[in-house]
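The structure appears below as structure tokens.
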Amino acid sequence: MIRIIKDTPGHLLIEIEASEANLDNSDLFKTQVTELLDRHNKNIVIDFNRVEYIDSSFLGALVAILKYAMAHKLEVILTAMRKDVHDLLMLIRLDKVFKIYGDYEQAAAAL
Amino acid sequence: MEITSKRQRPSKKLKLMTRQFEFITGNDKLTSALKQMLDFINDNLVANVPAINLLFKSKIILTELLTNALKHSFSRSTLIDVTVEKNCIVITKTDYGMPLSLIAYANSSVNKIPITNDILHTLYAIPEGKNTVRFGCEESTLDDLESIERIVEHFGLIIITKAADKFAYNYCEETKANKFTATLSF
Numbered sequence: 347m348i349r350i351i352k353d354t355p356g357h358l359l360i361e362i363e364a365s366e367a368n369l370d371n372s373d374l375f376k377t378q379v380t381e382l383l384d385r386h387n388k389n390i391v392i393d394f395n396r397v398e399y400i401d402s403s404f405l406g407a408l409v410a411i412l413k414y415a416m417a418h419k420l421e422v423i424l425t426a427m428r429k430d431v432h433d434l435l436m437l438i439r440l441d442k443v444f445k446i447y448g449d450y451e452q453a454a455a456a457l
Numbered sequence: 082m083e084i085t086s087k088r089q090r091p092s093k094k095l096k097l098m099t100r101q102f103e104f105i106t107g108n109d110k111l112t113s114a115l116k117q118m119l120d121f122i123n124d125n126l127v128a129n130v131p132a133i134n135l136l137f138k139s140k141i142i143l144t145e146l147l148t149n150a151l152k153h154s155f156s157r158s159t160l161i162d163v164t165v166e167k168n169c170i171v172i173t174k175t176d177y178g179m180p181l182s183l184i185a186y187a188n189s190s191v192n193k194i195p196i197t198n199d200i201l202h203t204l205y206a207i208p209e210g211k212n213t214v215r216f217g218c219e220e221s222t223l224d225d226l227e228s229i230e231r232i233v234e235h236f237g238l239i240i241i242t243k244a245a246d247k248f249a250y251n252y253c254e255e256t257k258a259n260k261f262t263a264t265l266s267f
């Protein structure tokens, strides 16, 4: 479901490997990312470049992960979203609570 | 999931096209069904409408209705009716079983039924006749971003309510049909 792309002293860069981020994989995604937060205790940058489609179940998992990270004083940053995915996050105002950047370099610079 | 569709003859007088898609819940992905529906909408949109925006909104509404069917449907079969008219798209999901608990309030004297409330949105339903409610959503003031832990993690109804110009639910006691109807106007 996810792949670690980069492991730096301050953060992990992970990529969502699925093109469809939905009910079928949202629970697994939440489990895997929270395990990474527990194991590494680092901020996480999530690369969405492969995700073509996202649903409310997966958005719920993202928010659950954000809450979990914040409780541990960590950040979750989203990058490389396609326009439709980004537009959906904006529709339900998740752009107000997540830091979203166009690419990893911008996200890393902000950390 | 099995997909069947039934094309209904368009009325030249009304200039509308309707197609009914039947889903038999199984283990197939939604994307092929979604593509068929979006192709139908795209093929029947009249010229000079904001097609990209309408298709985006149709896509997220259909996605959430189908996801809801997989998560909550009481019946194995879910019907999706898609109608493209001259100035609107109407998408209706029908399944059969127990009504939403909202219906108990819909038939009372309350003006507004609260559903969820957090720092991003207040979601509510407004009674509109027997066994019918219309969903509404207001954006919150974002004055307390420290309360992120209170954000509701269920976005399906909010997505449809915000994407559609009107989103309503009706329960028919005789047929036990639950109907969710989203309308996009243009």
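Those protein sequences? They're chains A and B, same order as listed.
No gaps in the numbering here: position 44 of the first sequence is 390 in our numbering, and each next residue is one more.
No gaps in the numbering here: position 87 of the second sequence is 168 in our numbering, and each next residue is one more.
All C-beta atoms in this analysis are idealised placements derived from N, C-alpha and C, irrespective of residue type, glycine included.
- Non-local beta-carbon contacts of residue 387 of chain A in its own chain, meaning distances under 8 Å to residues more than five positions away in sequence, involve 418, 420 in chain order.
- Inside the stretch 141-207 of chain B, DSSP marks whole beta strand (DSSP E) runs of 3 or more residues at positions 158-165, 169-177, 194-198, from first to last along the chain.
- Under the 10 Å beta carbon count, residue 179 of chain B is surrounded by fewer than 16 other beta carbons and is classified as exposed.
- By a beta-carbon distance limit of 8 Å, residue 356 of chain A contacts residue 457 of chain A. Their separation comes to about 6 Å.
- DSSP, reduced to helix, strand and coil, places residue 266 of chain B within a strand of the structure shown.
- Using beta-carbon distances, residue 402 of chain A counts as an interface residue toward chain B, with a partner under 7 Å.
- The alpha-carbon separation between residue 358 of chain A and residue 204 of chain B amounts to approximately 35 Å.
- Three or more pairs of CB atoms, one per stretch, sit closer than 8 Å, so the stretch 371-380 of chain A contacts the stretch 396-411 of chain A.
- Counting every other CB atom within 10 Å of its CB across the protein chains shown gives residue 349 of chain A a total below 16, marking it as exposed.
- Where residue 352 of chain A is concerned, there is no enclosing alpha helix (DSSP H), although the beta strand (DSSP E) around it starts and stops at 348-353.
- Taking 7 Å as the cut-off, the beta carbon of residue 443 of chain A is found no closer than this to the beta carbon of residue 240 of chain B.
- When the beta-carbon positions are compared, residue 453 of chain A and residue 425 of chain A come within less than 7 Å of each other.
- Taking 7 Å as the cut-off, the beta carbon of residue 141 of chain B is found closer than this to the beta carbon of residue 244 of chain B.
- Using a Cβ distance threshold of 7 Å, residue 196 of chain B and residue 157 of chain B do not count as a contacting pair.
- At a cut-off of 7 Å between C-beta atoms, residue 442 of chain A counts as an interface residue with respect to chain B.
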